[in-house]
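Written out below as structure tokens is the structure these notes cover.
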Amino acid sequence: MIGFYLHVPFCAKVCAYCDFAVLAAPLRVQRRYVELAQREAQIRWSRDAKNQSIRTVYLGGGTPTELQATDLGGLLDGMRAIGLIPPGLAEFSVECNPENLTEDRLATLAENGVDRFSLGVQTLSPRLLEAVGRKSDPDISRAAVERLVKTGSRVSCDLMFSLPGQSVSQFLADLEELTSMGVGHASFYGLSVEGNTLLGQQVSRGDVLAPDDLYADFYRQGVASLESKGIFRYEVSNFSRPGQEGIHNRSYWERREYLGIGPGAHSFLGGVRMGAPKAFSRWASWVEEGCPIAGMSLDPIGPAEARVEAIWLGLRQSAGLDLLAFEEEFSKGLDPKRWREFELADQVRIQDGRLQITGEGFCWIDRIVQTLLS
Amino acid sequence: MATPTSNIRNFSIIAHIDHGKSTLADRLLETTRTVVGNEMMAQVLDDMELERERGITIKAHAIRMMYERPDGQYVLNMIDTPGHVDFTYEVSRSLAACEGAILVVDASQGIEAQTLSNLYLAIENNLTIIPVINKIDLPSANPDHVADMIGELLGYDPASIPRISAKAGINIIDVLNKIVDEIPAPQGKLENPLQALIFDSVYDSYRGAISYVRVVEGSIRQNTKIRMMKTGAEYLVSEVGTFTMKRNVQQSLEPGEVGYMLANVKKIADIKIGDTVTSIDNPSQTQLPGYKDVKPMIFSGIYPTNPEDYKILRDALEKLQLNDSALSWLPETSEALGFGFRTGFLGLLHMEIVQERLDREFNVDIITTAPNVEYHVFMADESMVAIESPSKLPDPSRYDHIEEPYIQAQIFTPKEYVGPLMKLCEEKRGEFKTMEYLDEFKVILKYELPLGEVMFDFYDRLKSVSRGYAGLDYDPCGYRKNNLVKLDILLNGDPVDAFSVIIHKDKATTYGTAICVRLKDLIPRQQFDVAIQGAIGGKIISRTTVKAVRKDVTAKCYGGDISRKRKLLEKQKEGKKRMKNIGSVEVPQKAFLAVLSLNDAGSGGDDD
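Spelled out as structure tokens, the structure:
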């Protein structure tokens with residue numbers, strides 16, 4: 452059983468902080484995308500994934516709901532016809548933006564069995580939305596949440612903090628409001644300023660100040676606020692009511708295999724992490740050539756790489772790293788001396804044979820992982 | 024090889040940076056068909072990877088060419104010389120193996136500082152000089168004027184100076200004919216006892232030490248039992264040969280010939296450049312003049328980043344010294360960096376090259392401390408202590424004064440840059456000596472300057488204020504008493520010996536402030552605030568703070584991020600390994616050389 456990730460590379464407008472493979476494109480290009488994605492899926496499910504059956508589907512982007520309802524329907528019908536959206540999925544998640552979650556699209560998604568919506572809200576402050584170049588309106592977000600919760604599907608909201616000009620109390624108010632509306636899952640991230648984005652340029656020019664120093668305060672108080680409402684952290688940036696964890700996303704951290712389709716989509720199959728060409732035009736010609744393996748970025752995961760992944764991805768999860776399983780897999784366990792300093796600082800602990808990050812440790816996870824790796 | 028001694032010519036090419044030395048060398052190799060067709064890579068002589076990358080010639084090389092003309096076949100041995108001001112010593116090594124030198128002068132630029140200093144070296148070595156005017160095809164060329172200047176300088180008939188374009192391949196044959204006609208053939212005799220000069224050597228991981236030799240008298244062949252006359256080491260020769268583009272094994276090397284010698288040398292220290300090789304069976308009674316020992320001008324500490332690599336670093340330095348006898352070192356210890364070596368260099372470029380070779384050829388990860396000169400400290404009882412490291416400076420109460428080394432600098436410049444250059448020299452605490460007109464456009468400025476000021480960005484600044492036109496040459500000229508103080512750098516209150524410098528009191532505050540600001544950029548943020556302070560004798564003169572980080576977390580990680588972020592983690596892990604823990608503060612390698620990037624200026628210059 453593997454996961455299936457389908458990447459839709461379109462957005463109405465590229466946000467100031469985004470470094471994903473996305474573009475604002477006319478309908479003609481979107482139709483072409485639907486055809487090509489189906490072709491890629493047809494070739495690669497059998498060739499790379501050996502027709503393994505699909506456990507979870509995640510439709511992400513970009514903005515899948517940027518596609519017209521008919522194209523969206525066509526895309527999903529095509530995938531179903533190949534066998535990539537079988538009945539009895541453990542989870543079918545879709546990423547969507549509040550502003551284009553129209554009735555017809557919602558209906559198309561529901562008909563296709565989508566049972567989890569991940570809504571890119573980011574913030575409920577109009578001023579902050581504008582500051583990060585998001586084309587949205589908080590009231591549209593509120594309406595979208597309300598409608599999705601009513602359908603009975605599981606609803607997750609993506610939020611951002613450490614935005615230029617944002618206060619901790621603003622962020623906490625967003626969390627408060629959304630959870631009171633019945634949202635059972637949330638992901639939140641401190642704004643990360645990448646050099647190759649509009650915001651990155653603004654920050655490096657000094658036009659915008661990034662309030663990095665408040666990161667820990669935002670994060671700590673955000674976690675506390677959610678936990679007080681019974682929504683618990685199960686990964687560094689992911690929180691849910693018990694039983695509502697994202698199954699597909701969690702499979703990434705559990706190092707399970709998955710097939711990714713679309714421009715720049717990554718797969719993990721047969722012990723190799725592979726990535727398709729990212730630019731739309733290069734991806735398109737690559738698909739037309741029959742998706743040659745040589746045209747992908749390849750990262751074979753040998754024991755050394757697997758060890759790094761096991762430690763790093765394991766510790767990202769609240770459940771932590773199963774030390775006995777780790778020792779069995781890599782025939783050499785982790786030396787407790789390596790984490791002693793963090794244990795003394797209350798940043799890690801051992802619970803039921805698992806090494807877990809605790810409290811403040813989640814703000815220092817990269818440092819802890821690096822120390823464990825060296 | 025049955026070329027009679029009378030048909031051998033040994034020569035070097037001397038030139039100022041950018042006057043086209045390597046291009047002429049390439050063209051000679053092509054014209055004599057030593058390299059043909061696609062063997063030809065631009066500037067074939069610069070075979071060390073580093074040399075090609077930097078476009079400079081560091082080490083002496085020797086290549087043998089065959090040149091046919093109606094009166095017979097000639098062997099031309101071309102011995103390359105380095106051109107950077109730091110490497111005067113290496114030039115004299117190359118010249119001692121020759122009878123003649125080609126002096127390349129740019130048809131637009133005329134005579135320059137290094138042209139002259141190398142020319143004097145050639146004249147000191149009794150070499151026949153063949154002037155050549157290059158780049159005659161450039162629009163700005165003024166070959167007649169340049170020919171007159173050279174004529175006056177050398178007493179050479181201006182009309183008979185070859186006017187060439189190495190780049191366009193114009194009149195190259197004239198140069199070859201001049202070599203044959205004007206450079207004297209070597210004088211040695213085959214029947215005399217062996218005397219061969221070792222003028223270079225390299226370490227090859229497969230063949231061991233390879234010595235480059237010039238046979239002066241007698242001959243050397245496989246199975247000759249040899250003795251190194253200085254070191255007394257004795258070996259059996261296993262192979263001799265010559266270089267074209269690669270090594271060619273030969274039966275023997277005879278008088279006047281230039282080639283290499285392999286002798287299964289076990290101890291690197293047995294081979295000393297400048298030594299005379301003779302045979303045990305028929306030994307020579309006298310040694311060849313050899314070279315005077317070279318004195319390092321600047322010093323810096325070299326430490327293994329990883330303390331376990333101390334022995335590897337030591338072996339690497341030993342091997343480097345085999346063909347870089349200008350390099351010297353002594354073990355030292357630093358509180359901050361542990362066990363390492365105080366290493367002496369000819370100049371800053373030499374230092375950088377050694378660092379890069381340690382990294383590339385020997386794969387040793389090192390930390391280098393800020394370079395400094397040798398100071399003479401006069402103690403209260405009037406005795407003198409020479410110190411090569413600021414951390415060795417005794418307590419101020421124990422000494423009377425400090426003296427620092429000076430150089431006499433000759434700056435060649437078009438007259439319009441005299442103003443800015445004088446300003447630069449004043450800024451560097453220079454003392455004006457004389458100004459002479461070389462011709463109506465060109466001037467020689469003479470200054471006495473503290474070497475400690477010149478070693479950093481002086482050369483780059485000189486080039487930049489003169490738009491690249493000024494040239495520099497210098498010689499040491501003794502020590503002078505100055506008001507020098509030791510500036511310490513403290514990290515969170517603890518002085519770090521590897522950061523200490525000795526500096527003129529008037530410049531200490533400016534320097535202290537600049538270095539604290541620079542270190543603030545170089546030292547990564549840690550989990551706590553790091554105070555960086557500059558202090559003289561316990562008095563704080565400057566301070567900056569590296570603010571603590573509040574997080575170290577990759578927040579977002581989904582399917583597409585895993586490869587990229589794992590590789591980032593691995594890279595960061597490597598970076599962490601290269602950090603040095605000073606107390607609880609993690610300091611990156613490059614922080615120890617922060618002083619070199621104070622003005623965002625690098626160092627050294629480029630050769631052609």
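From first to last, the protein sequence lines are chains H and B. If you use the working numbering, the first sequence closes out at 825, no skipped numbers anywhere. If you use the working numbering, the second sequence closes out at 631, no skipped numbers anywhere. Every residue, glycine too, gets a C-beta built ideally from N, C-alpha and C. This structure is a prediction, so every number in the text was calculated from the model and none was measured.
Assign Gln481/H to one of three DSSP states: helix, strand, or coil. helix
Test: Gln821/H CB closer than 7 Å to a CB of chain B: yes
Identify every run of the beta strand (DSSP E) within the stretch 464-521 of chain B, keeping only runs that are complete inside it and at least 3 residues long; order them along the chain. 465-473, 494-505 and 507-514
Along chain H, in chain order, which residues have C-beta atoms closer than 8 Å to that of Asp575/B? Cys814, Trp815, Ile816, Asp817 and Arg818
Considering Ser420/B, what are the terminal residues of the alpha helix (DSSP H) in which it resides? That residue, Ser420/B, is in no alpha helix (DSSP H); it is neither H nor E in DSSP.
Could you name the residues of the same chain whose beta carbon sits closer than 6 Å to that of Ile564/B, not counting the 5 residues immediately before and after it, in chain order? Thr532, Gly535 and Gly557
So with Cβ pairs under 7 Å, would you call Leu824/H a contact of chain B? yes
Inter-residue Cα distance where the pair is Ser569/H and Val799/H: 30 Å
Going by Cα to Cα distance, which pick from Arg567/H, Gln652/H, Met452/H and Val619/H is closest to Ile505/H? Met452/H
Is Asp668/H helix, strand or coil by DSSP? helix
Can you find at least 3 beta carbon pairs, one from the stretch 167-176 of chain B and one from the stretch 190-207 of chain B, that sit closer than 8 Å? no
For His636/H, count neighbouring Cβ atoms within 10 angstroms of its own Cβ and tell me buried if that reaches 16, exposed if not. buried
Would Gly123/B and Leu150/B be called neighbours here (beta carbons separated by less than 7 Å)? yes
Could you give the distance in angstroms between the alpha-carbon of Ser140/B and the alpha-carbon of Met445/B? 21 Å
Give the interface partners of Ile585/B over in chain H, defined as CB-CB distance under 8 Å, in chain order. Tyr703, His717, Phe719, Arg724, Glu760 and Leu764
Helix, strand or coil: which one does DSSP assign to Cys547/H? strand
Would you check if the stretch 665-676 of chain H and the stretch 482-492 of chain H touch, i.e. whether three or more CB-CB distances between them fall below 8 Å? no
So, does the CB of Gly681/H fall closer than 7 Å to a CB anywhere in chain B? no
Can you tell me whether Ile762/H is helix, strand or coil according to DSSP? helix
Shortest alpha-carbon distance to Ile376/B belongs to which of Lys588/B, Leu343/B and Leu513/B? Leu343/B
Distance between beta carbons of Gly454/H and Ser702/H, contact taken as under 8 Å: 5 Å
Answer yes or no: does any C-beta atom of chain B fall closer than 7 Å to that of Asp750/H? yes
I'd like to know whether the C-beta of Gly641/H is nearer than 7 Å to at least one C-beta of chain B. yes
Compare the C-beta of Ser688/H with all C-beta atoms of chain B and state if any pair is closer than 7 Å. yes
For Leu575/H, which residues of its own chain have a beta-carbon under 7 Å away from its beta-carbon, when the five flanking residues on both sides are left out? Pro589, Ser592, Asp625 and Glu628
Over the uninterrupted beta strand (DSSP E) stretch that includes Asn689/H, give me the two end residues. Asn689 to Ser691
Quick check on Asp69/B: does DSSP put it in helix, strand or coil? Note that Asp69/B scores 45 on pLDDT, short of 50, meaning its location in the model is unreliable and no value can be drawn from it.
Opening and closing residue of the alpha helix (DSSP H) in which Gly641/H lies: That residue, Gly641/H, is in no alpha helix (DSSP H); its beta strand (DSSP E) goes His636 to Gly641.
Starting from the C-beta of Val272/B, find all residues in its chain whose C-beta is less than 8 Å away, skip the five residues before and the five after it, and write them out in chain order. Glu262, Val263 and Gly264
Extent of the continuous beta strand (DSSP E) run through Tyr581/B: Neither: Tyr581/B is in no beta strand (DSSP E) and is coded neither H nor E.
Within the chosen definition, does the stretch 519-526 of chain B reach the stretch 561-577 of chain B through at least 3 CB pairs nearer than 8 Å? no
At 7 Å on the CB atoms, spell out the chain B contacts of Tyr666/H, in chain order. Arg573 and Lys574
Once the 5 residues before and after Ile195/B are set aside, which same chain residues still bring their CB inside 6 Å of it? Arg50 and Thr54
Start and end residues, alpha helix (DSSP H) containing Arg452/B: No alpha helix (DSSP H) contains Arg452/B, which DSSP labels as neither H nor E.
Measuring only between beta-carbons, confirm whether Tyr456/H sits less than 7 Å from chain B. yes
For Leu523/H, tell me which candidate among Ile494/H, Ala488/H, Asn502/H and Ser732/H has the shortest Cα-Cα distance. Ala488/H
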